[in-house]
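Whatever position you read off the sequence shown (first residue = 1), add 148 for my numbering.
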Amino acid sequence: MSTVAAYAAPAPKAPLERTTIERREVGPHDVLIDIRFAGICHSDIHQVNEGWGEAIFPMVPGHEIAGVVVAAGSEVTRHAVGDRVGVGCMVDSCRECEFCLRGLEQYCANGNTMTYNGVDRNGDVTYGGYSKQIVVDENYVVRIPDALPLDVAAPLLCAGITVYSPLRHWGVAPGKKVAVVGLGGLGHMGVKIAAALGAEVTVLSQSLRKKDDGLKLGAHDYRSTGDPATFTELAGEFDVVLSTVSAPLDFGAYLGLLKTDGAIVNVGAPEEPISLNLFALLGGRKTLAGSMIGGIAETQEMLDFCAEHGLGAEIELIDADQINTAYDRVQSSDVRYRFVIDATTI
Ligand code: NAP
Ligand code: ZN
Ligand code: ZN
């Protein structure tokens with residue numbers, strides 16, 4: 149066991165404070181990672197607030213981890229001391245079920261182990277990336293290509309893969325029209341990746357405040373959802389609408405933006421349910437779907453894709469004592485476009 153510094157929420161909704169946690173011994177299949185940067189995902193805030201249901205406290209959030217391997221177990225083959233690596237939302241899964249065998253560990257039939265707010269196969273509570281070091285099984289650790297600086301790579305481990313996986317699954321490619329709803333952490337990576345995949349991208353944001361940024365990120369058009377004309381002018385326009393919104397949304401209105409056979413893919417995880425008039429799905433044979441992060445191999449594929457296309461996150465680098473201020477800003481949609489903690493300040 150080793151004791152490492154971390155930032156934790158001691159109780160639901162409580163401000164995060166500096167503390168120490170124990171990390172397990174480096175086992176034969178484990179690597180010890182010196183965390184350099186950790187992104188702040190809106191999911192961290194939902195969980196600290198117990199917005200998704202009962203959670204485990206104290207909680208050390210953080211599932212967008214970028215760092216360097218400083219020790220490797222005797223059986224480790226995938227990574228070596230000195231390698232630049234990342235850890236996302238999962239640190240284990242059953243490795244035997246149909247979905248694990250297909251590289252869809254995020255949908256493990258026996259439940260995967262979340263990087264934090266989870267319990268691992270030894271019965272220990274997991275603690276996330278707002279800390280100086282972490283011990284992870286090598287199979288749940290990915291390689292960060294040299295072309296990607298670690299600070300802008302960290303958010304790719306959740307925000308990047310969460311948008312890459314559905315964009316690929318729903319066939320986003322040249323000739324397709326895609327709308328990205330919400331220009332936050334996930335949304336801005338959705339714009340970059342959909343544009344790099346060759347699609348024509350429109351941002352649908354609450355206002356036009358970030359329009360210049362959206363166009364620079366690769367969007368071809370940028371509309372305000374506060375303006376009712378957006379929903380009439382863009383009716384029937386899109387093959388795919390990717391919603392990254394953290395709050396309940398009127399999906400009935402957004403279904404009107406789809407072409408026949410189009411799909412809304414929702415990755416947002418709001419704390420309250422929505423209501424929907426199902427007639428919005430019937431005409432036009434429309435789909436309302438969801439997607440959760442991505443598998444380990446696909447996460448590596450996404451990092452390689454981002455490196456090849458020069459895509460990192462747009463970040464605001466903060467010291468650890470600014471985490472609570474960053475949480476307030478994310479909750480008021482004041483994020484451009486991901487807060488990343490400099491782990492040396494923990
Ligand atoms: P974020 O940075 O806060 O971005 C969310 C964006 O949604 C905001 O920037 C804002 O964009 C828009 N928005 C916020 N409140 C809104 C409201 N009331 N009405 C309309 N639009 C609103 O959050 P994030 O980190 O990207 O995460 C987004 C959501 O995805 C969260 O619920 C998170 O838990 C979830 N998530 C899911 C997965 C998954 O695997 N499915 C993975 C990661 C995160 P504008 O200002 O442009 O309107
Ligand atoms: Zn996340
Ligand atoms: Zn499994």
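Positions of the beta carbon are idealized from the N, C-alpha and C atoms, including for glycine.
What you are looking at is a predicted structure, and each value in this text was computed from that prediction instead of being measured.
Rounded straight-line distance, which links the Cα of residue j to that of residue i
| i | j | result |
| --- | --- | --- |
| Lys340 | Arg269 | 37 Å |
| Glu165 | Ala347 | 43 Å |
| Ala159 | Ile181 | 27 Å |
| Leu405 | Thr380 | 8 Å |
| Tyr312 | Ala342 | 8 Å |
| Leu436 | Asn414 | 7 Å |
| Ala461 | Leu296 | 10 Å |
| Pro209 | Tyr485 | 19 Å |
| Ala307 | Asp476 | 19 Å |
| Ile466 | Gly431 | 48 Å |
| Ala411 | Val388 | 5 Å |
| Val326 | Leu352 | 10 Å |
| Lys161 | Leu356 | 31 Å |
| Tyr278 | Thr168 | 11 Å |
| Leu382 | Gly338 | 19 Å |
| Asp398 | Thr310 | 21 Å |
| Leu403 | Val217 | 45 Å |
Check: residue i C-beta below 8 Å from any heavy atom of ligand 4
| i | result |
| --- | --- |
| Asn260 | Ligands displayed in this structure: ligand 1, ligand 2 and ligand 3; ligand 4 is not among them. |
Sequence-distant residues of its chain with Cβ nearer than 6 Å to residue i (five each side left out)
| i | result |
| --- | --- |
| Gly251 | Gly443, Ala445 |
| Gly335 | Val328, Thr392 |
| Arg226 | Glu286 |
| Ala468 | Tyr155, Ile489, Thr493, Ile494 |
| Leu429 | none |
| Cys121 | One cannot answer for residue 121 here, as it falls past the ends of the chain, which runs 149 to 494. |
Opening and closing residue of the beta strand (DSSP E) in which residue i lies
| i | result |
| --- | --- |
| Tyr155 | 150–156 |
| Leu180 | 178–187 |
| Glu165 | 165–171 |
| Tyr370 | 369–372 |
| Val300 | Premise fails: Val300 lies in the alpha helix (DSSP H), 298–301, not in any beta strand (DSSP E). |
| Asp490 | 486–490 |
| Gln195 | Taken as a continuous stretch (DSSP letters only), Gln195 belongs to no beta strand (DSSP E), being part of the alpha helix (DSSP H) at 190–196. |
| Ala327 | 325–329 |
| Gln95 | Since the first residue of the chain shown is 149 and the last is 494, residue 95 is not available in this structure. |
Inter-residue CB distance, residue i and residue j (contact presumed, cutoff 8 Å)
| i | j | result |
| --- | --- | --- |
| Arg371 | Thr392 | With 8 Å as the limit, Arg371 and Thr392 do not qualify as a contact, their Cβ atoms being about 15 Å apart. |
| Asn265 | Ile204 | 5 Å |
| Asp240 | Tyr288 | 6 Å |
| Val483 | Gly332 | 6 Å |
| Gly215 | Val233 | 6 Å |
| Ala491 | Pro293 | That belief does not hold up - the Cβ atoms of Ala491 and Pro293 are roughly 20 Å apart, past 8 Å. |
| Asp360 | Ile463 | About 18 Å separates the two Cβ atoms, so there is no contact after all. |
| Lys407 | Gly438 | Contact flag wrong, Cβ pair sits at about 20 Å. |
| Val224 | Thr263 | 19 Å between Cβ atoms; not a contact. |
| Ala302 | Gly187 | 5 Å |
For residue i, the first and last residue of its enclosing alpha helix (DSSP H)
| i | result |
| --- | --- |
| Gly333 | 333–344 |
| Ile471 | 471–479 |
| Glu381 | 377–381 |
| Ala248 | The sequence given here has Cys at residue 248, not Ala. Run containing Cys248: 246–249, per the alpha helix (DSSP H) assignment. |
| Gly400 | 399–403 |
| Ala428 | 427–430 |
Three-state class that DSSP yields for residue i in the structure shown
| i | result |
| --- | --- |
| Ala214 | strand |
| Lys358 | coil |
| Ala461 | coil |
| Phe386 | strand |
| Gly234 | strand |
| Thr408 | strand |
| Thr435 | strand |
| Glu420 | coil |
| Glu456 | helix |
| Asp240 | strand |
| Ala162 | coil |
| Met207 | strand |
| Val351 | strand |
| Thr310 | helix |
| Met262 | strand |
| Arg226 | coil |
Contacts around residue i, its chain only, beta-carbon distance under 8 Å, and the 5 residues preceding and following it disregarded
| i | result |
| --- | --- |
| Val174 | Leu180, Ala219, Ala220, Gly221, Val283 |
| Asn425 | Gly400 |
| Thr378 | Leu352, Arg371, Ser372 |
| Ser394 | His190, His194, Gly330, Gly332, Gly416, Ala417, Pro418 |
| Met149 | Glu170, Arg171, Arg172, Glu173 |
Residues near residue i by beta carbon distance below 7 Å, same chain, minus five either side
| i | result |
| --- | --- |
| Gly199 | Glu419 |
| Val273 | Ile204, Val267 |
| Asp369 | Thr350 |
| Gln254 | Met238, Asn260, Met440, Ile441, Gly442, Gly443 |
| Met207 | Ala156, Ala157, Gln195, Val196, Tyr264, Asn265 |
| Phe386 | Lys325, Val326, Ala327, Leu405, Leu406, Lys407, Gly410 |
Minimum Cβ-Cβ distance from residue i to chain D less than 9 Å
| i | result |
| --- | --- |
| Lys434 | Protein chain content of the structure displayed is limited to a single chain, and chain D is not contained in it. |
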